[in-house]
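These protein sequences, in sequence, are chains A and B. Under UniProt numbering, the first residue of the first sequence carries the number 1, and numbering increases by one thereafter. Under UniProt numbering, the first residue of the second sequence carries the number 1, and numbering increases by one thereafter. Idealized CB from N, CA, C, for every residue including glycine. Working notes for the structure below.
Protein chains: 2
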Amino acid sequence: MSERRVTMADVAREAGVSPTTASFALSGRTDMRISVASRERVLEAARRLGYRPNVTARSLRTKSTQTIGLVSDRITTTPFAGDVIRGAMEAARRQDHLLFITEAGGDRAAESSLVHALLDRQVDAVIYASMFTRYVTPPKELFGRPVVLLNCLAPGFDAPSVVPDELEAGRDAARALLAAGHTQGIWAIGGHQAVPATPEGIIAGNERMRGLEEVLREGGAHLDGVVECDWDTLDGYREVSALLAAGTRPRALVCLADRVSFGAYQALGEAGLSVPGDVSVISFDDQDIASVLRPALTTLKLPHYQLGRLAVELILRGGPLEAVVHRVPMPLRERASLGAPAGE
Amino acid sequence: MSERRVTMADVAREAGVSPTTASFALSGRTDMRISVASRERVLEAARRLGYRPNVTARSLRTKSTQTIGLVSDRITTTPFAGDVIRGAMEAARRQDHLLFITEAGGDRAAESSLVHALLDRQVDAVIYASMFTRYVTPPKELFGRPVVLLNCLAPGFDAPSVVPDELEAGRDAARALLAAGHTQGIWAIGGHQAVPATPEGIIAGNERMRGLEEVLREGGAHLDGVVECDWDTLDGYREVSALLAAGTRPRALVCLADRVSFGAYQALGEAGLSVPGDVSVISFDDQDIASVLRPALTTLKLPHYQLGRLAVELILRGGPLEAVVHRVPMPLRERASLGAPAGE
DNA sequence: GCATCCTGCTAATCCGATTTAGCTGAGCGG
DNA sequence: CCGCTCAGCTAAATCGGATTAGCAGGATGC
Chain A
1 MSERRVTMAD VAREAGVSPT TASFALSGRT DMRISVASRE RVLEAARRLG YRPNVTARSL
61 RTKSTQTIGL VSDRITTTPF AGDVIRGAME AARRQDHLLF ITEAGGDRAA ESSLVHALLD
121 RQVDAVIYAS MFTRYVTPPK ELFGRPVVLL NCLAPGFDAP SVVPDELEAG RDAARALLAA
181 GHTQGIWAIG GHQAVPATPE GIIAGNERMR GLEEVLREGG AHLDGVVECD WDTLDGYREV
241 SALLAAGTRP RALVCLADRV SFGAYQALGE AGLSVPGDVS VISFDDQDIA SVLRPALTTL
301 KLPHYQLGRL AVELILRGGP LEAVVHRVPM PLRERASLGA PAGE
Chain B
1 MSERRVTMAD VAREAGVSPT TASFALSGRT DMRISVASRE RVLEAARRLG YRPNVTARSL
61 RTKSTQTIGL VSDRITTTPF AGDVIRGAME AARRQDHLLF ITEAGGDRAA ESSLVHALLD
121 RQVDAVIYAS MFTRYVTPPK ELFGRPVVLL NCLAPGFDAP SVVPDELEAG RDAARALLAA
181 GHTQGIWAIG GHQAVPATPE GIIAGNERMR GLEEVLREGG AHLDGVVECD WDTLDGYREV
241 SALLAAGTRP RALVCLADRV SFGAYQALGE AGLSVPGDVS VISFDDQDIA SVLRPALTTL
301 KLPHYQLGRL AVELILRGGP LEAVVHRVPM PLRERASLGA PAGE
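Structure, rendered in structure tokens:
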């Protein structure tokens, strides 16, 4: 940027020492002996001159830019992205690091180009993030580099993954249902294989369902039915309307995503059914909308902030990045949509 | 990052020329004469070796890091942030630039610290962004630097601003109302001075109201009333409920924000009033929720993508950044919540 | 009294590019 | 044949720090 910055040479001159001494005094290293008097004079000169080190110049020598790159498929189409970024950013900030944020929009060529742009700027590590939990194939440019996979898994790729604990979330949903007294009339809306637009296959749906069914079974309950549909408001509305039109009277709906819940609310409302009086609803994700719906939605929160944070912490922790899958808990947000079964 | 990169010296050696020649050949500069044969050999060697320039090293000499910093108050609490970032990022990408994204959370000290972190990394320019359109005082570290203000205004600070054209949006809302035949029974919910939590004062509310009233007046119409409240779902719900409970029967609601509209929908629904059959609703912002409500909400879109994009374009356009206010149009998203007045 | 050690500091090199200044040899005019 | 120009290239400096190697001088050991 514009006017000339104060350099370390300026500080050294001002303090009457060599640049070498200034460097050691400023970095506070103790393996090279600098007298207290000299150190003080350097520090004082730096303060007086308003010296700030040029990180770019430094990193040319040290190979560390104190910078992390984040490549994602989409940061914009999902309302969670902000939290991932914030979590990552705050963790980075705590150790004087900054984040390059990029988005490839699902385009492999763009992705490679972005990774190059990051590597050309000597980032210390790359976070490869997906906005839906799924299997991915990172671009070849990332092989052999320090990488953390965020919200995705890449078997065979030597890097740690940080993902939400979807399985346990499914179990927790079941536990909440059982605790409220639900053992029958439970329907799952959104099924296993939602979001078919992602051919790599969605992990969340399967794991949530697996955990859900497992604990329901253990609790002597079961699912009356599973409706397969996309995870969108319109789908939720359509499917629940159809269910009700067919004469089914569920007592609890497990919606696989908040958007589906919102559609379900609309359908239940039109049918004159109240939540949770007539039908309880429990959901996954905890989007903004969840707390604003009436009644407020009980849901298992996707821990995006924690995901971003942990990804950065793994990097800054130092040491080799081991190919371990870190599962981050999805906390239950108890609000008003889950109650005792109707008529009991 | 890990294993040794190919440097320009490697390329020069491989091509049998000096680093100087390699540099000129690679940068494609024509002011220094390089024979076609040499250039070809250098380019070929670079290709063979998979050479990529070290942007960090280059910028030490050139003073340009091809990097832009973005400092915002909050990127996470608002659902729009993603679009701002995406707009900025894509514009940057088009000219081989990358973006540092930071968030100060409204903390002045953190803000200064982040600006320093950016300047220490020699960013070419800084985008100072607010997530609500308002007056700001940028940190002193930014004085005299290349800065663009995004979604905010700072009188006396020498930098261009990029803001939504709220005034014209207010006018467009009035025009849409008039075109649908509304001239009476129009209420504004959310008023002028919403979001009192921001002492700097909110611009959006005032300008939207001003444009709205101006064009309504010109069209021979007027506002039956203005309800002042915060721009939140709960406030919208409460205020519209109160209005209805008091016996008022509005024919059109101008909600100053989509969140308010959502609350209004809930209140109208409970009162058995249909949208737009009984009451039309027009809104501002176009959050995700707007298209998913039933009926889908007619609203004036906050042009966040364009805001981010224009901010970066101003920077990359080159030349001095003049202290001009750029107003970006807010397009009308015509959906289903605005219809002819009831009973006509 | 001399070798050794330690303290406190500095000169010089390096990181990977860009850029300035200058060198060499061919071509050309007179 | 001499001096000049010019095309084509290279040596060396530079950017702002970090780091290595080493130097001066006093204290210490024997």
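TODO: Would you mind stating whether Glu334(B) and Thr298(B) have Cβ atoms separated by less than 7 Å?
DONE: Translated into the one-based positions of the second sequence, residue 334(B) becomes position 334. Translated into the one-based positions of the second sequence, residue 298(B) becomes position 298. Against a cut-off of 7 Å, the Cβ pair of Thr298(B) and Glu334(B) comes out as a contact.
TODO: Indicate the three-state DSSP secondary structure (helix, strand or coil) for Lys301(B) in the structure shown.
DONE: Working through the second sequence from its first residue, we reach residue 301(B) at position 301. The answer is strand: DSSP assigns Lys301(B) an E or B state.
Task: Below-7 Å beta-carbon distance, Arg4(A) vs any chain B residue - done: Taking the first sequence and counting its residues from 1, the one referred to as residue 4(A) is at position 4. No, its Cβ sits nowhere closer than 7 Å to a Cβ of chain B.
Task: Residue range of the alpha helix (DSSP H) that includes Asn206(A) - done: By 1-based counting over the first sequence, the position of residue 206(A) is 206. It spans Ile203 to Glu218 - the alpha helix (DSSP H) in which Asn206(A) sits, taken as one unbroken run.
Open item on the list: In the DSSP output, which residue or residues are listed as bridge partners for Ile101(A)?
Closed with: In the first sequence, residue 101(A) corresponds to position 101, counting from 1. Paired residues: Leu70(A).
- [ ] Check whether the Cβ atoms of Arg171(A) and Val215(A) lie closer than 7 Å to each other.
- [x] Sequence index remark: in the first sequence, residue 171(A) carries index 171 (1-based). Sequence index remark: in the first sequence, residue 215(A) carries index 215 (1-based). Contact: yes.
- [ ] With DSSP as the reference, label Met330(B) as helix, strand or coil.
- [x] Along the second sequence, one-based indexing puts residue 330(B) at 330. Met330(B) falls in the coil class under three-state DSSP.
- [ ] Tell me, please, whether the stretch 302-320 of chain B touches the stretch 69-88 of chain B by the rule of three or more beta-carbon pairs shorter than 8 Å.
- [x] yes
Task: Three-way DSSP call (helix, strand, coil) for Pro164(B) in this model - done: Position 164 of the second sequence, counted from the start, is the residue given in the question as residue 164(B). Pro164(B) falls in the strand class under three-state DSSP.
Task: Residues within the stretch 264-292 of chain A neighbouring chain B, beta-carbon criterion of under 8 Å - done: Gln266, Gly269, Asp288, Ile289 and Val292
- [ ] Flag this pair as touching only if the stretch 124-137 of chain B and the stretch 278-295 of chain B have three or more C-beta atom pairs under 8 Å; answer yes or no.
- [x] no
Open item on the list: Nearest by alpha-carbon distance to Trp231(B): which of Ile189(B), Ala221(B) and Met209(B) is it?
Closed with: Locating residue 231(B) in the second sequence gives position 231, where the first residue counts as 1. The residue with the shortest Cα to Cα distance from Trp231(B) is Ile189(B).
TODO: Check Leu142(A) in the structure and name its three-state DSSP category.
DONE: Translated into the one-based positions of the first sequence, residue 142(A) becomes position 142. In the structure shown, Leu142(A) sits in a helix (DSSP, three-state: H, G or I).
Open item on the list: Taking a contact to mean a Cβ-Cβ separation below 7 Å, would you say Glu111(B) touches Pro155(B) in this structure?
Closed with: Within the second sequence, numbered from 1, the residue matching residue 111(B) stands at position 111. Within the second sequence, numbered from 1, the residue matching residue 155(B) stands at position 155. No, they are not a contact pair.
Task: Secondary structure of Leu273(B), DSSP reduced to three states - done: Translated into positions along the second sequence, residue 273(B) becomes position 273. Leu273(B): coil per DSSP, three-state reduction.
TODO: Would you verify that the beta carbon of Arg52(B) is, or is not, closer than 7 Å to some beta carbon of chain A?
DONE: Looking up residue 52(B) in the second sequence gives position 52. Yes - at least one Cβ of chain A is within 7 Å of the one on Arg52(B).
Open item on the list: Please return the same chain residues whose Cβ sits closer than 6 Å to the Cβ of Asp83(A), not counting the five positions on each side in sequence.
Closed with: As a position in the first sequence, residue 83(A) is number 83, starting the count at 1. Result list for Asp83(A): His304 and Tyr305, in chain order.
- [ ] Identify every residue that forms a DSSP beta bridge with Ile127(A).
- [x] Taking the first residue of the first sequence as position 1, residue 127(A) is located at position 127. Partner(s): Leu70(A) and Val148(A).
Open item on the list: Strictly under 7 Å for the Cβ-Cβ distance: is Gln122(B) near chain A by that measure?
Closed with: On the second sequence, position 122 is the one that residue 122(B) refers to. True, the Cβ-Cβ gap to chain A drops below 7 Å.
Task: Cβ-based neighbour list, residue 379(A), same chain, cut-off 6 Å, excluding 5 preceding and 5 following - done: Residue 379(A) cannot be examined here, being either before or after the span of chain A that is shown, 1 to 344.
TODO: Answer with buried or exposed for residue 360(A), where buried requires no fewer than 16 other C-beta atoms within 10 angstroms of its C-beta.
DONE: A query on residue 360(A) cannot be resolved here, the shown segment of chain A reaching from 1 to 344 and no further.
- [ ] Check each candidate in Leu49(B), Arg259(B) and Gly28(B) and name the one with the smallest Cα separation from Met8(B).
- [x] Your numbering for residue 8(B) matches position 8 in the second sequence. Closest option to Met8(B), Cα to Cα, is Leu49(B).
Task: Proximity to Leu244(B) [Cα-Cα], best of Ala264(B), Pro329(B) and Glu207(B) - done: Position 244 of the second sequence holds residue 244(B). Of Ala264(B), Pro329(B) and Glu207(B), the residue nearest in Cα terms is Ala264(B).
- [ ] Take every Cβ of the stretch 65-74 of chain A, pair it with every Cβ of the stretch 91-107 of chain A, and state whether three or more of those distances are shorter than 8 Å.
- [x] yes
Task: Cutoff 7 Å; reference Ala180(B); Cβ partners in own chain excluding five residues on either side - done: Position 180 of the second sequence, counted from the first residue, corresponds to residue 180(B). These residues qualify, in order along the chain: Ser280, Leu338, Gly339 and Ala340.
- [ ] Could you spell out where the alpha helix (DSSP H) holding Gly82(B) opens and where it closes?
- [x] Along the second sequence, read from residue 1 onward, the residue named residue 82(B) stands at position 82. Ala81 to Arg93 is the extent of the alpha helix (DSSP H) around Gly82(B).
Task: Interface flag, Leu167(A) vs chain B, CB-CB below 7 Å - done: The count along the first sequence starts at 1 and reaches residue 167(A) at position 167. Chain B, which has no Cβ nearer than 7 Å to the Cβ of Leu167(A), makes this no.
TODO: Grab the span of the alpha helix (DSSP H) containing Asp120(A) for me, first residue to last.
DONE: For the purposes of this step, residue 120(A) is identified with residue 120 of the first sequence, where counting begins at 1. Per DSSP, Asp120(A) belongs to the alpha helix (DSSP H) from Arg108 to Asp120.
TODO: On a CA-only basis, which of Arg145(A), Ala46(A), Arg121(A) and Ile315(A) is nearest Asn54(B)? Give me that one, please.
DONE: Mapped onto the second sequence, residue 54(B) falls at position 54. Ranking the options by Cα distance to Asn54(B), first place goes to Arg121(A).
Task: C-alpha distance - Leu332(A) paired with Glu166(A), whole-angstrom precision - done: Position 332 of the first sequence, counting from 1, holds the residue named residue 332(A). Position 166 of the first sequence, counting from 1, holds the residue named residue 166(A). In a straight line, the C-alpha of Leu332(A) is about 12 Å away from that of Glu166(A).
- [ ] Kindly say whether Ser241(A), judged by its beta-carbon, lies nearer than 7 Å to any beta-carbon of chain B.
- [x] Numbered from 1 along the first sequence, position 241 holds the residue referred to as residue 241(A). Chain B contact via Cβ: absent.
Open item on the list: If I measure Cβ to Cβ from Thr234(B) and keep anything under 7 Å in the same chain, skipping five residues before and after, which residues do I get?
Closed with: Along the second sequence, read from residue 1 onward, the residue named residue 234(B) stands at position 234. For the record, residue 234(B) in the displayed sequence is Leu; it is not Thr. Cβ neighbours of Leu234(B) beyond the five flanking positions: Gly263.
Open item on the list: Can you look up residue 346(B) in the DSSP assignment and give me helix, strand or coil?
Closed with: Any question about residue 346(B) goes unanswered here, given that chain B covers just 1 to 344.
TODO: Measure from the alpha carbon of Phe80(B) to the alpha carbon of each residue in Gln287(B), Arg317(B), Pro329(B) and Arg327(B), then state which is nearest.
DONE: Within the second sequence, residue 80(B) is the residue found at index 80, counting from 1. That would be Gln287(B), whose Cα lies nearest to the Cα of Phe80(B).
Task: Through-space distance from Gly191(B) to Thr198(B), alpha-carbon basis - done: As a first step, residue 198(B) must be located in the second sequence, where it is residue number 198. As a first step, residue 191(B) must be located in the second sequence, where it is residue number 191. For Thr198(B), the pLDDT reaches just 44, beneath the cut-off of 50, and the residue's location in the model is therefore unreliable, leaving the point undetermined.
Task: Under 8 Å by beta carbon: chain B residues contacting Met131(A) - done: Along the first sequence, read from residue 1 onward, the residue named residue 131(A) stands at position 131. Residues of chain B passing the Cβ test: none, with the nearest at roughly 10 Å.
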